[in-house]
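What follows is a single structure, written as structure tokens, with notes after it.
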Amino acid sequence: MQRFLRDIRAAIAAETGIDAGSIRLEQPRDAALGDFAFPCFVLAKELRKAPPAIAAELVGPLNERLPDIEAVATGPYLNFRVDRALLARTVL
């Protein structure tokens, strides 16, 4: 799982210019939304945009950077779902 967290952080950092080490990912409240979530609130002040707009703008580029991880904008959050087959191979 650490590999996926690292990949997601690196992709967000590349798209936003934020240091990857400062990017905090969390578990979505509803597991149906994904495996990891990134709250875009932390970018709102710096980018001077609403968090839902930031999530919507980042989802396309993140999906291009993360071929094995699906990014979905859900309101002010970016939710990430790891490909299940890849996850199974990685964990086992």
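All residue numbers for the sequence shown refer to the numbering used here, where the first residue is 17 and numbers rise by one. The beta-carbon is built from N, C-alpha and C at its ideal position, and this holds for glycine as well.
For R25, the CB contacts under 6 Å within the same chain, skipping 5 residues up- and downstream, are A36 and I39 in chain order.
In this structure, the beta-carbon distance from F52 to L21 falls below 9 Å.
The alpha-carbon separation between L94 and V88 amounts to approximately 6 Å.
Secondary structure at A53: strand, using DSSP grouped into helix, strand and coil. The three-state reading of DSSP puts L94 in strand, counting E and B together. Listed in chain order, the beta strand (DSSP E) runs fully inside the region 29-87 are 52-55, counting runs of at least 3 residues. Within the DSSP bridge table, the entry for A89 names L94 as partners.
Nearest Cα to N79 within the set A69, R97 and G91: R97.
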